[in-house]
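Numbering (this note's numbering), first residue to last: 1110 to 1244.
Okay, structure first, notes after.
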Amino acid sequence: MRRKLFTNTTVTLDLDAYRRFCTQQGSWTGGEHRVHILRWYLLMLLTGEFHPTPSGAASHFAWNCTEFRFRAPATLRAFLHEQAQSTLTHHRIHEPVTWEPPADPALGVPVPDEAQVIRANDGHHRQVAHDQTPI
């Protein structure tokens, strides 16, 4: 649902909150170009997908977006993460902005040890060699 709901044209950045953030950080808000980059990054957070540059964007827009992805200050990334979470809440989507699988193995799911994997692979290789079945 998230991927269909949010697009280049539907994602909005709270410009008042952005101005307050910049004032608190003592940084310049930038121009319209920077706001477009922030909206593009917000769209990536909301959908979990890389998006092409919007139609009509300047030729250097894609390069600036890539630079932003890798060099944006942590405080600005946190601000955009908060914006994404606020947007999800506004749309009554009760999911985290990003998701990582649990660090612990799934409970109750047997995981073969190394010896079992080696025996299983060895048996498979012997069967293939015995059958001499062309692949």
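We treat Cβ as the ideally placed atom computed from N, Cα and C, and that holds for glycine.
Notebook entry, point to check: Do the segment 1130-1141 and the segment 1164-1179 make contact, defined as three or more Cβ pairs closer than 8 Å?
Noted result: no
Check: Smallest Cα separation from V1206: which of D1125, Y1127 and G1157?
Finding: G1157
Checklist line | As assigned by DSSP and simplified to three states, the class of I1202 | finding: coil
Notebook entry, point to check: So D1123 and Q1192 are in contact, right, with Cβ under 8 Å, and what is the actual spacing, rounded?
Noted result: 6 Å
Item checked: Through-space distance from R1143 to H1245, alpha-carbon basis -> What is shown of the chain runs 1110 to 1244, which leaves residue 1245 out entirely.
Item checked: Spatial neighbours of A1224 in its chain, beta-carbon cut-off 7 Å, leaving aside the 5 residues before and after -> none
Note to self: Given this structure, state the Cα-to-Cα distance separating E1117 from T1196, to the nearest angstrom.
What the structure shows: Here residue 1117 turns out to be Asn, not Glu, going by the sequence shown. Approximately 14 Å between the Cα atoms of the pair.
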